[in-house]
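Encoded as structure tokens, the structure appears first; notes follow it.
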Amino acid sequence: MRYLPLTPQDRTDMLAKIGVAAVDDLFANVPKDKLLKGPVNLPKARGELEVERILGAMAAENISASEVPFFVGAGAYKHHVPASVDHLIQRSEFLTSYTPYQPEIAQGTLQYLFEFQTQVAMLTGMEVANASMYDGSTGAAEAVLMAHRVTKRRKAVLAGNLHPHYRDTIETVSRMAADRLVSLTPNPEDAGADLKAVAAAIDAETSCVVIQTPDVFGNLHDLAAIARKAQDAGALLIAVVTEVVSLGAVTPPGAMGADIVVAEGQSIGVGLNFGGPYVGLFATKQKYVRQMPGRLCGETVDAEGKRGFVLTLSTREQHIRREKATSNICTNSGLMCLAFTIHMSLLGESGLRRLAAVNHANACDLADRLADVDGVTVLNKSFFNEFAIRVPGDAAKVVEKMAKRGVLAGVPGSRLWPKTKGVADVILVANTEVNTDDDRAAFVAALGASI
Amino acid sequence: MSMNTQGRPTSAGETGTAAAHPTFTGNKALQIEEALIFEIGRPEVSGVDIPEPKKVKSRLGKLARDEAIGLPGLTEPEAMRHYVRLSQKNFGIDTGLFPLGSCTMKHNARLNEKMARLPGFGDVHPLQPVSTVQGALQLIDTLAHYLKELTGMPAVAMSPKAGAHGELAGMMAIKAALEAKGEGHRKIVLVPESAHGTNPATAALIGFEVRSVPAQADGTVHVSDVKAALGPEVAAIMLTNPNTCGIFEKEIVQIAKAIHDAGAYFYCDGANFNAIVGKARPGDLGVDAMHINLHKTFSTPHGGGGPGSGPVVLSERLAAFVPYPFIRVGKGYALVEEGGKLAKGEQPFGRMSAFHGQMGMFVRAMAYMLSHGADGMRLASEDAVLNANYIRASLADLMSLPFGDQPCMHEALFDDDWLKNTGVSTLDFAKAMIDEGYHPMTMYFPLVVHGAMLIEPTESESKASLDLFIAALRDLAMAAKRGDVDRFKGAPYHAPRRRLDETRAARTPILRWTKPAPYAEAAE
Numbered sequence: 001m002r003y004l005p006l007t008p009q010d011r012t013d014m015l016a017k018i019g020v021a022a023v024d025d026l027f028a029n030v031p032k033d034k035l036l037k038g039p040v041n042l043p044k045a046r047g048e049l050e051v052e053r054i055l056g057a058m059a060a061e062n063i064s065a066s067e068v069p070f071f072v073g074a075g076a077y078k079h080h081v082p083a084s085v086d087h088l089i090q091r092s093e094f095l096t097s098y099t100p101y102q103p104e105i106a107q108g109t110l111q112y113l114f115e116f117q118t119q120v121a122m123l124t125g126m127e128v129a130n131a132s133m134y135d136g137s138t139g140a141a142e143a144v145l146m147a148h149r150v151t152k153r154r155k156a157v158l159a160g161n162l163h164p165h166y167r168d169t170i171e172t173v174s175r176m177a178a179d180r181l182v183s184l185t186p187n188p189e190d191a192g193a194d195l196k197a198v199a200a201a202i203d204a205e206t207s208c209v210v211i212q213t214p215d216v217f218g219n220l221h222d223l224a225a226i227a228r229k230a231q232d233a234g235a236l237l238i239a240v241v242t243e244v245v246s247l248g249a250v251t252p253p254g255a256m257g258a259d260i261v262v263a264e265g266q267s268i269g270v271g272l273n274f275g276g277p278y279v280g281l282f283a284t285k286q287k288y289v290r291q292m293p294g295r296l297c298g299e300t301v302d303a304e305g306k307r308g309f310v311l312t313l314s315t316r317e318q319h320i321r322r323e324k325a326t327s328n329i330c331t332n333s334g335l336m337c338l339a340f341t342i343h344m345s346l347l348g349e350s351g352l353r354r355l356a357a358v359n360h361a362n363a364c365d366l367a368d369r370l371a372d373v374d375g376v377t378v379l380n381k382s383f384f385n386e387f388a389i390r391v392p393g394d395a396a397k398v399v400e401k402m403a404k405r406g407v408l409a410g411v412p413g414s415r416l417w418p419k420t421k422g423v424a425d426v427i428l429v430a431n432t433e434v435n436t437d438d439d440r441a442a443f444v445a446a447l448g449a450s451i
Numbered sequence: 001m002s003m004n005t006q007g008r009p010t011s012a013g014e015t016g017t018a019a020a021h022p023t024f025t026g027n028k029a030l031q032i033e034e035a036l037i038f039e040i041g042r043p044e045v046s047g048v049d050i051p052e053p054k055k056v057k058s059r060l061g062k063l064a065r066d067e068a069i070g071l072p073g074l075t076e077p078e079a080m081r082h083y084v085r086l087s088q089k090n091f092g093i094d095t096g097l098f099p100l101g102s103c104t105m106k107h108n109a110r111l112n113e114k115m116a117r118l119p120g121f122g123d124v125h126p127l128q129p130v131s132t133v134q135g136a137l138q139l140i141d142t143l144a145h146y147l148k149e150l151t152g153m154p155a156v157a158m159s160p161k162a163g164a165h166g167e168l169a170g171m172m173a174i175k176a177a178l179e180a181k182g183e184g185h186r187k188i189v190l191v192p193e194s195a196h197g198t199n200p201a202t203a204a205l206i207g208f209e210v211r212s213v214p215a216q217a218d219g220t221v222h223v224s225d226v227k228a229a230l231g232p233e234v235a236a237i238m239l240t241n242p243n244t245c246g247i248f249e250k251e252i253v254q255i256a257k258a259i260h261d262a263g264a265y266f267y268c269d270g271a272n273f274n275a276i277v278g279k280a281r282p283g284d285l286g287v288d289a290m291h292i293n294l295h296k297t298f299s300t301p302h303g304g305g306g307p308g309s310g311p312v313v314l315s316e317r318l319a320a321f322v323p324y325p326f327i328r329v330g331k332g333y334a335l336v337e338e339g340g341k342l343a344k345g346e347q348p349f350g351r352m353s354a355f356h357g358q359m360g361m362f363v364r365a366m367a368y369m370l371s372h373g374a375d376g377m378r379l380a381s382e383d384a385v386l387n388a389n390y391i392r393a394s395l396a397d398l399m400s401l402p403f404g405d406q407p408c409m410h411e412a413l414f415d416d417d418w419l420k421n422t423g424v425s426t427l428d429f430a431k432a433m434i435d436e437g438y439h440p441m442t443m444y445f446p447l448v449v450h451g452a453m454l455i456e457p458t459e460s461e462s463k464a465s466l467d468l469f470i471a472a473l474r475d476l477a478m479a480a481k482r483g484d485v486d487r488f489k490g491a492p493y494h495a496p497r498r499r500l501d502e503t504r505a506a507r508t509p510i511l512r513w514t515k516p517a518p519y520a521e522a523a524e
């Protein structure tokens, strides 16, 4: 076995040093009748070449985003990641290191976490950010729990146009913890009405309202009024951003008064990965920092007065506070934070703004073209790089037909809301910088032929 | 024998020590000081060339961003140098022996990385039509089958994103099962004192009340203590096996039976599963739910603390209570999500996160399993246990063992009894290891042992590498006993940073870079 360095002679010598006759003597605490007599019923060891063939065959059964005109979004986005990002995250000292428990020999990890926290705070318009959450959806659930801690209330109001997977993730924890939740119904037609319904649901027991912008249908929201309304009632505004590139083009939630911003960072540096690993961004106001879940990196000095970085405020964390911890999070998404921070450093302010502008322009171009297709309606008044269209008939069937024509078209409403009325003929369409004019033409043609 | 005898000897010369000649720049040859990106980057610079956007009518309305963000940009060569230099200030498993007990720092095969980056895995979207991701679903289903075989459990939930998230899923399954039986009044979860901190945190998160169970003088939990703590309000026990003291819980079968007889469930923390893969199956021991840290047991890289992946295996009693989404195999692979049609008996309790879990980690774990095979995984566990016991036996005459000279599993636990009256603390000892080229062991954990030092070498260390490590620890131990206190108190002397002031970081937290005040303003 190519990964196991001990030779049979080594094993013999080591057993002698330990003073036992056989390796099974070291397993003496395992009840005799529970010790397996031979290997489990799985295949025998394979060489590299064979493993590549087996997994290569499975990989070949999938259509990858780069092979076809690709317009699928709804919380995960296809963007181009510079080659240097993947190269750098595969540096051994990053890839094979652990949580930076020994700061003197983990300054690489700690410094990039500090850089990451700063970038996230700047981007979201907030004062502080952590490092980090598993992804945007689990970050949203953590934000709700944090709002409960801050306000000492246990009722959350979720906007109807919040990504349903985020809603479900929050709901699972809330139900188990016996918290109360008001989940509104999605409204693809009138995004403003959704915000009004949220405002109406706020009462003296509300700990927080959770609103996504751009929302799951792509609509942009000015959160200033709802932030004031929530805060006047003693509740927090949690803003969710599932497409972080949008923050290069639109007013950040922090500037609109959000108390907590949760975002999915996958778009920057991470890649699609069929749903994970991703990276959650989590930012808040300075005054709430000790209620924040997850890991934090802070600046300090060493014994010679040189600047250095350490994990800090760990008294909030599970390994110190145990049942009183702010969360049970242990592993973070360190390497994904690194990918994010490298890509963001490469983009810089000018690159991010340009990237966002190209995304927006491409999406506008596609929306204009689709508006001209017979029977198709674009539902949005505003959007960034994703919008919703209504098609005649069952959207899932249309998307499937388009896939057969070699275009991955978007997410049909029934995939996200199998039981909700009024969305089965909706398709969420994302258009990023990777889509060309030809891709958009192919989309229009395939859609025309599939409805 | 010490570390310095490795390799070709070089002459020390006659011009004094490094300390007598500090450099002008603060750099030390290949160790170069590196500023923050905010100090070297400029907002107008970018390392990515992006075409001019098309001219269109904006749909951003009044929400178009008007204020500067302040993000610095780096060109590609600047970024390469910045992050390569940062990487050089890090210790990883490819740098040297990384004996962090309970963290399992084993070799990360690069084949796994290559496989995870195949476009058919790395570049597919979680919501594209199921007909276009049959291979990805097949991989998840195959991995699920492997995990079930290795644990002897009938069901597995794949979507949890890390070990602690898997714990949460397992405890949610238990809660859902109790509620389905009308036993929602069971609110107490028993957790041994020696447990991972995530265990009580997880139980508390979903409304359970945590009650402690003692660990006895031999380092294990005794069935008599469990029986004494059981009652009609107990929902479950959360036990780690092999436990955090590096010992297999020898009364585990009796403990499981006592728990089941009392109508409660047995949650096993699977963080240490790597000690028994292919040797014993949790399902045979009476476990109801156990998370598996793919990043520990199946070698997906830790990457500075994550991403992890924490599938949860479930017993027959809990098999119905899985989170969404899950895979159903029929004519091809189907995904069952919220609102989907359920088969008889299926009672999913909700969703743990958007999408299907850590696909990238699934591929890496699968590549690891195929590479080892059933035979190799069993041997890996044996070698991990052998290596840990070799270290225990080789240091037992110098360092003290809290639970006597009994065999350990994959990690050897020492305490600080042997450091008494030396003036050297566990922390000091660990920092001195850094100077010798080793990552320190896990310190002060488990909490039940005073000054704990938990050493986990894993199976990927050779005997030669263990012998060098043992020699270095013996040299250090003797230095401590000799009273060479300065070597320890001042350590590390040779790391990129000397000891860092953690108290200051916590008292006056600086959690982000801020633009320095202009000179005139700062002077006021």
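Just so you know, the sequences run in chain order U and H. Quick note: the first sequence, position 323, residue 323 per UniProt numbering, numbers continuous. Quick note: the second sequence, position 299, residue 299 per UniProt numbering, numbers continuous. We put the beta carbon where it would ideally sit given N, CA and C, even for glycine. Computed from a predicted model, the values in this text were never measured in an experiment.
Inter-residue Cα distance where the pair is residue i and residue j
i	j	result
arginine 369/U	valine 444/U	7 angstroms
serine 359/H	isoleucine 140/H	In the sequence on display, residue 359/H carries methionine and not serine. About 8 angstroms.
methionine 1/H	phenylalanine 98/H	For methionine 1/H, the predicted structure reports a pLDDT of 44, less than 50, and the residue's modelled location is therefore unreliable. The matter cannot be settled from this model.
methionine 256/U	alanine 396/U	36 angstroms
residue 452/U	valine 398/U	Because chain U here runs from 1 to 451, residue 452/U falls outside it and cannot be looked at.
phenylalanine 298/H	methionine 369/H	7 angstroms
glycine 306/H	serine 159/H	16 angstroms
aspartate 66/H	valine 84/H	34 angstroms
Chain-ordered chain U contacts of residue i [CB-CB under 7 angstroms]
i	result
threonine 149/H	Contrary to the premise, residue 149/H reads as glutamate rather than threonine in this sequence. Per Cβ cutoff of 7 angstroms: Val40, Asn41 and Leu42.
tyrosine 83/H	Leu88 and Ile342
leucine 379/H	Met1 and Leu4
Interface residues of chain U facing residue i [CB-CB closer than 8 angstroms]
i	result
methionine 172/H	Thr172 and Met176
phenylalanine 91/H	Glu93, Ser97, Gln102, Ile105 and Ala106
Within chain H, the residues that residue i reaches when beta carbons sit closer than 7 angstroms
i	result
glutamine 117/U	Leu511 and Arg512
isoleucine 54/U	Leu370
lysine 306/U	Arg497
According to DSSP, residues forming a beta bridge with residue i
i	result
glutamine 31/H	Lys28/H
phenylalanine 114/U	DSSP output for phenylalanine 114/U lists no bridge partner at all.
phenylalanine 387/U	Val429/U
glycine 332/H	Gly330/H
glutamate 299/U	Phe309/U
glycine 373/H	Lys44/U
histidine 291/H	Val312/H
threonine 284/U	Val128/U and Ile260/U
glutamine 212/U	Val240/U
Residue i: contacting residues in chain U (beta-carbon distance under 9 angstroms)
i	result
phenylalanine 349/H	Thr172, Arg175 and Met176
residue 574/H	With chain H covering only 1 through 524, there is no way to say anything about residue 574/H.
Closer than 8 angstroms: residue i CB and nearest the ligand NAP heavy atom
i	result
aspartate 288/H	The ligand NAP is absent from the structure shown, which contains no ligands of any kind.
Output, in sequence order along the chain, the residues in the region 353-374 of chain H whose CB is closer than 9 angstroms to any CB in chain U. Ser353, Ala354, Phe355, His356, Gly357, Gln358, Met359, Gly360, Met361, Phe362, Val363, Met366, Ala367, Tyr368, Met369, Leu370, Ser371, His372, Gly373 and Ala374
Listed from N- to C-terminal order along the chain, which residues in the region 203-231 of chain U have their beta-carbon within a distance smaller than 7 angstroms of any beta-carbon of chain H? Leu220 and Asp222
Does the region 173-186 of chain H come into contact with the region 251-259 of chain H, if we say contact requires no fewer than three beta-carbon pairs (one atom in each stretch) closer than 8 angstroms? no
Pull out every residue of the region 131-145 of chain H whose Cβ sits closer than 7 angstroms to any Cβ of chain U, in chain order. Of all residues in the region 131-145 of chain H, Ser131, Thr132, Val133, Gln134, Gly135, Ala136, Gln138 and Leu139 have a Cβ within less than 7 angstroms of some Cβ in chain U.
Should the region 411-421 of chain U be regarded as contacting the region 245-254 of chain U, the criterion being three or more beta carbon pairs within less than 8 angstroms? As far as the Cβ criterion goes, the region 411-421 of chain U does not touch the region 245-254 of chain U, which means the pair count is below three.
Interface residues of the region 264-288 of chain U facing chain H [CB-CB below 7 angstroms]: Gly271, Leu272, Asn273, Phe274, Gly275, Gly276 and Pro277
Check distances from the C-beta atoms of the region 297-322 of chain H to those of chain U and list, in chain order, the residues that come in under 9 angstroms. Ser299, Pro301, His302, Gly303, Gly304, Gly305, Gly306, Pro307, Gly308, Ser309 and Gly310
Taking 8 angstroms as the threshold, find out whether the region 305-320 of chain U comes into contact with the region 102-115 of chain U through three or more Cβ pairs. Result yes; three or more Cβ-Cβ pairs closer than 8 angstroms.
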